[in-house]
Amino acid sequence: MSPPAPLIHLRGLHHRVAGRTVLDLPDWRVAAGEHGLLLGPSGSGKTTLLQIIAGLLSPTAGQVMVAGQEMTSLDEGVRDVVRGACIGLVFQQLHLVNALTLADNLRLAQRLADYPPDDGRVAQLLNRIGLGDRAHAYPRQLSQGERQRLAIARAVVNRPALVLADEPTSALDDGNCTRLLDLMLEQAAENDATLLIATHDARLKTRLPARLVLTAPALGAVA
Numbered sequence: 001m002s003p004p005a006p007l008i009h010l011r012g013l014h015h016r017v018a019g020r021t022v023l024d025l026p027d028w029r030v031a032a033g034e035h036g037l038l039l040g041p042s043g044s045g046k047t048t049l050l051q052i053i054a055g056l057l058s059p060t061a062g063q064v065m066v067a068g069q070e071m072t073s074l075d076e077g078v079r080d081v082v083r084g085a086c087i088g089l090v091f092q093q094l095h096l097v098n099a100l101t102l103a104d105n106l107r108l109a110q111r112l113a114d115y116p117p118d119d120g121r122v123a124q125l126l127n128r129i130g131l132g133d134r135a136h137a138y139p140r141q142l143s144q145g146e147r148q149r150l151a152i153a154r155a156v157v158n159r160p161a162l163v164l165a166d167e168p169t170s171a172l173d174d175g176n177c178t179r180l181l182d183l184m185l186e187q188a189a190e191n192d193a194t195l196l197i198a199t200h201d202a203r204l205k206t207r208l209p210a211r212l213v214l215t216a217p218a219l220g221a222v223a
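Just so you know, UniProt numbering puts 150 at position 150 of the sequence shown, and the rest follows in order with no gaps.
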């Protein structure tokens with residue numbers, strides 16, 4: 001029997017910005033369930049790689065396969081729908097919609113993925129992150145930690161196969177770093193998602209294995 005296809009498979013990936021090579025990955029794979037870290041200093045291409053995997057950025061060359069979809073061959077509209085259904089994103093800047101309630105932020109993620117509204121799912125997640133009694137509050141009324149928890153709930157509301165997080169702990173003290181990572185791992189497990197975190201936060205290395213180490217300007221090596 002053939003082994004299952006990897007959840008992420010990058011082939012011949014090359015990306016240049018302003019004439020400078022920032023990523024050069026001949027072949028890189030992540031199997032479903034292989035949580036891990038993208039490591040490297042600032043400027044090494046971690047965020048760029050996450051954006052390419054998520055279909056937010058097209059590489060200069062190469063093929064990007066995610067959950068059986070060739071992201072590089074899809075037009076923008078289809079790519080947006082695939083991203084909404086298959087990939088959850090936790091941005092460094094959280095990009096919550098301050099004009100919408102907490103519940104409506106999660107409903108918006110469902111709508112953008114062309115999913116029907118599922119108020120039961122929204123309520124379940126808000127309860128799970130300890131914000132069930134604040135469903136009608138607005139993100140601006142939350143603490144930073146509460147906003148981060150909401151962003152994680154938004155990332156998993158559609159039960160994606162893959163959750164990508166960009167430097168989620170860089171501004172947190174040790175206690176909040178531990179709590180946030182615990183929540184992300186817990187939610188990934190509960191939703192059968194693979195978690196991939198781009199970071200230069202050394203505190204995470206004791207909790208998750210390195211899947212890729214990037215060093216500026218363009219060297220990538222599987223760890």
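Positions of the beta carbon are idealized from the N, C-alpha and C atoms, including for glycine. Computed from a predicted structure; not experimentally measured.
N- and C-terminal bounds of the beta strand (DSSP E) containing residue i
{"i": "Thr199", "result": "194 to 199"}
{"i": "Gly77", "result": "Looking at the DSSP string, Gly77 is not in any beta strand (DSSP E); the run it does join, the alpha helix (DSSP H), is 76 to 86."}
{"i": "Leu212", "result": "210 to 215"}
{"i": "Arg20", "result": "20 to 30"}
{"i": "His15", "result": "8 to 17"}
CB-CB length for residue i against residue j, believed under 8 angstroms
{"i": "Leu106", "j": "Pro139", "result": "That pair is no contact at about 11 angstroms."}
{"i": "Leu212", "j": "Leu38", "result": "5 angstroms"}
Delimiting residues of the alpha helix (DSSP H) encompassing residue i
{"i": "Asp104", "result": "102 to 112"}
Exposure label - residue i; buried when at least 16 CB within 10 Å
{"i": "Gln51", "result": "buried"}
{"i": "Glu167", "result": "buried"}
{"i": "Pro130", "result": "For the sequence presented, residue 130 should be read as Gly rather than Pro. Classification for Gly130: exposed."}
{"i": "Val222", "result": "Legend: pLDDT at Val222 = 39, less than 50; position of this residue unreliable, value from coordinates given subsequently. Per the 10 Å Cβ criterion, exposed."}
{"i": "His35", "result": "buried"}
Task: Unbroken stretches of the beta strand (DSSP E), 3 residues or longer, contained in the segment 119 to 195 - done: 162 to 166
- [ ] Pair every Cβ in the segment 138 to 153 with every Cβ in the segment 80 to 100, then say whether three or more of these pairs are closer than 8 angstroms.
- [x] yes
Task: Those runs of the beta strand (DSSP E) which lie wholly inside the segment 35 to 68 and span at least 3 residues - done: 36 to 39, 61 to 66
TODO: Take every Cβ of the segment 117 to 126, pair it with every Cβ of the segment 69 to 78, and state whether three or more of those distances are shorter than 8 angstroms.
DONE: no
TODO: Could you tell me whether the segment 12 to 26 touches the segment 177 to 188, where touching means 3 or more Cβ pairs closer than 8 angstroms?
DONE: no
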